[in-house]
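Residues in the sequence shown are numbered consecutively from 45, following the working numbering.
By construction, the Cβ of each residue, glycine as well, lies at the ideal position given by its N, Cα and C atoms.
See below for the structure under consideration.
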Amino acid sequence: ARATAPPVTVPSRDDGPACDNPAAQGPTSESQIIQATPTTSVPSRTPAPGRKETALIRAQATVFPSVEKGPPQASEAPSLPLELSEALLLRHLRGRLPGLRVKYVFLVWLGIFAGSWLAYVHYSSYAELCRGHICQVVICDQYRKGIISGSICQDLCHLHQVEWRTCLSSVPGQQVYSGLWQGKEVTIKCGIEESLDLKAGADAAPRRELVLFDKPTRGTSIKEFQEMTLSFLKANLGDLPSLPALAGQVLLMADFNKDHRVSLAEAKSVWALLQRNEFLLLLSLQEKEHASRLLGYCGDLYLTEGVPHSSWPGAVLPPLLRPLLPPALHGALQQWLGPAWPWRAKIAIGLLEFVEELFHGAYGTFYMCETTLANVGYTAKYDFRMADLQQVAPEAAVRRFLRGRHCEHSSDCTYGRDCRAPCDTLLRQCKGDLVQPNLAKVCELLQDYLLPGAPAGLRAALGKQLRTCTTLSGLASQVEAHHSLVLSHLKTLLWKEISNTKYT
């Protein structure tokens with residue numbers, strides 16, 4: 045039952061002012077009586093709007109004001125700007141969300157495509173450069189057939205004691221791997237003919253046998269083989285009085301089992317090794333301390349000691365990214381990743397000594413035809429080791445290649461990468477002498493290798509000596525005196541800086 049309040053008397057327009065005492069006013073009509081009934085508030089079943097919805101409603105009312113609704117109250121003014129910005133941002137994001145999704149999907153697709161392409165290129169280049177398994181299969185197949193022999197054939201093919209590790213190849217034709225043999229770290233090197241690609245079938249080994257292991261033929265005597273070896277050395281190193289002794293070393297190496305006889309397989313293996321320019325250099329420089337020592341061979345596969353550390357900062361990068369390294373970053377990487385400056389000075393002294401060894405050595409003069417930091421290696425004690433002798437060529441071979449070669453400009457008279465000879469523009473033929481000696485090219489290399497990080501008191505004198513060294517010009521055979529003097533000054537300057545320290 046609803047409670048009813050007592051009637052309240054409302055004065056009529058004709059009556060005067062109402063009295064304080066209602067009883068004095070007399071009876072009232074039913075139309076003049078209004079019953080004031082207090083109503084009880086019933087809560088609404090519709091849930092209250094959240095903060096974001098309230099902000100959106102207020103923002104809509106502000107941006108699109110209703111005719112019926114008045115201006116916002118003063119009490120709502122302080123909170124309106126923040127809520128308005130949130131609402132507008134929410135509507136802006138809702139409007140642009142489809143466009144943002146398309147952009148994100150496109151960027152993700154582009155990243156997947158670029159990554160897949162890089163992976164494909166890296167795999168293709170790796171498959172082309174690193175084919176050591178093919179080399180081992182071919183070598184062992186020929187060893188089992190009795191075509192070749194060598195001091196490590198048993199360990200390589202039967203006992204499997206030669207462990208192939210990291211691929212270090214830079215060209216497909218020369219396979220280079222780090223490895224392990226008899227508990228020692230070694231470098232494995234093997235040549236692959238151009239015909240032996242990834243698609244080579246069962247006829248690959250016979251073709252290799254016909255091309256590489258064709259000499260000497262059956263019935264060749266020891267004396268004939270020795271004369272054949274001596275003639276080959278004269279053609280490649282020049283007519284030197286020391287070559288008969290070198291030919292004798294070749295025969296001793298062929299007789300690896302010390303039975304005082306050389307079989308046809310042993311002779312074929314050594315002859316194939318001599319065709320490899322680097323092996324010929326190793327054989328000629330075995331008495332020098334800056335060339336890696338030969339440990340063993342099987343056919344034309346051979347092992348050398350250790351794996352020299354590279355002085356080139358780009359060696360730490362994957363092969364695919366090395367060409368992308370800007371030259372400006374070389375110095376910074378050298379500072380961060382390379383050895384300390386005193387160690388670099390010690391390595392540089394070894395490189396200068398190696399230049400001396402190449403200049404009028406026991407087996408003639410040799411030219412460095414690719415002077416880069418990638419070929420400057422060093423041991424754990426920071427003793428210099430030439431990392432790659434492929435581009436070190438005998439003087440006789442360079443002269444034979446250049447003499448009489450047709451040319452239009454001096455750039456046409458180039459052996460390797462930077463062994464250049466002048467061009468006779470009248471005869472349009474290359475001359476046999478090189479323009480820039482080894483020392484000048486090495487000093488250009490040492491400017492970037494030694495000057496960054498050099499001691500302040502040494503930098504000026506060292507820079508002056510290196511600039512003098514790089515100006516060595518003229519025919520390489522005509523700068524011997526000046527060559528020796530500049531080289532001696534450089535070595536003395538560096539030794540004074542690091543002598544009587546732990547770096548020596």
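#### Entry: C-beta contact flag for Gln-205 and Cys-179 at 7 Å
Contact flag unset, no.
### Under 7 Å between C-beta atoms of Cys-463 and Cys-413
Cys-463 is a Cβ neighbour of Cys-413, given a cutoff of 7 Å.
### Check whether Val-230 and Leu-347 have beta carbons under 7 Å apart
With respect to the 7 Å criterion, Val-230 and Leu-347 are classified as neighbours on the basis of their beta carbons.
### Query
Where Asp-299 and Arg-305 are concerned, what is the direct C-alpha to C-alpha distance, given to the nearest angstrom?
Taking the straight line joining both Cα atoms gives about 6 Å.
### Query
Does DSSP put Phe-410 in a helix, a strand or coil?
It is a strand residue.
### Task
Tell me the start and end of each unbroken alpha helix (DSSP H) in the region 172 to 242 that is at least 4 residues and wholly inside, in chain order.
For the region 172 to 242, whole alpha helix (DSSP H) runs of length 4 or above, ordered along the chain, are 176 to 188.
### Query
Under 7 Å between the Cβ atoms of Pro-466 and Ser-455?
The answer is no: Cβ separation not under 7 Å.
### Query
How should Gln-330 be labelled, buried or exposed, when 16 other C-beta atoms within 10 angstroms of its C-beta is the threshold for buried?
Gln-330 comes out exposed.
### Query
Nearest-angstrom Cα distance between Gly-282 and Gly-408?
In this structure, the straight-line span from the alpha carbon of Gly-282 to that of Gly-408 is close to 7 Å.
### Task
Could you spell out the range, first to last residue, of the alpha helix (DSSP H) harbouring Leu-295?
Segment 287 to 298, the alpha helix (DSSP H) holding Leu-295.
### Task
For His-533, name the three-state secondary structure that DSSP assigns.
Residue state, collapsed to three classes: helix.
### Query
Which word fits Lys-390, buried or exposed, when buried means at least 16 other C-beta atoms lie within 10 angstroms of its C-beta?
The residue in question, Lys-390, is buried, as its Cβ has 16 or more Cβ neighbours within 10 Å.
### Message
I need the straight-line Cα distance from Asp-477 to Ala-431, nearest angstrom please.
### Response
C-alpha of Asp-477 to C-alpha of Ala-431: approximately 26 Å in a straight line.
### Query
Would a C-beta distance cut-off of 7 Å place Pro-260 and Ala-311 closer than the cut-off?
Yes, these two residues count as a Cβ contact at 7 Å.
### Query
Taking the beta strand (DSSP E) that Pro-438 falls in, what are its first and last residues?
Element bounds for Pro-438: 436 to 438.
### Query
Counting Cβ pairs, one atom from each stretch, are 3 or more of them under 8 Å apart for the region 334 to 346 and the region 188 to 199?
For the pair of segments examined, the region 334 to 346 was found to touch the region 188 to 199: the number of CB pairs separated by less than 8 Å reaches three.
### Whole-angstrom distance between Tyr-459 and Arg-444, CA atom to CA atom
Rounded to whole angstroms, Arg-444 to Tyr-459 spans 11 Å at the Cα level.
### Message
Between which residues of its own chain and Ala-440 is the CB-CB distance below 7 Å, once the five residues before and five after are set aside?
### Response
Contacts found: Asn-280, Leu-281, Gly-282 and Gly-408.
### Query
Would you report the Cα separation of Leu-489 and Thr-416, rounded to the nearest angstrom?
Distance between the alpha carbons of Leu-489 and Thr-416 is about 7 Å.
### Query
What residues match up with Leu-495 in a beta bridge as DSSP calls it?
DSSP lists no partner for Leu-495.
### Query
Grouping DSSP H, G and I as helix and E and B as strand, with all else coil, what is His-527?
DSSP places His-527 in the helix class (H, G or I) of the three-state scheme.
### Query
If you compare alpha carbons, which of Gln-198, Ile-156 and Ser-336 is closest to Gly-421?
Distances from the alpha-carbon of Gly-421 to those of Gln-198, Ile-156 and Ser-336 put Ser-336 closest.
### Task
Within 10 angstroms of the Cβ of Gln-117, are there 16 or more other Cβ atoms? Answer buried if so, exposed if not.
Model confidence at Gln-117 stands at a pLDDT of 48, short of 50, so the residue's coordinates are unreliable and nothing is read from them.
### Message
Quick check on DSSP: helix, strand or coil for Arg-89?
### Response
The predicted position of Arg-89 is uncertain, since its pLDDT is 48 and thus under 50; a value taken from the coordinates is nonetheless stated next. Residue state for Arg-89 is assigned as coil, using DSSP reduced to three classes.
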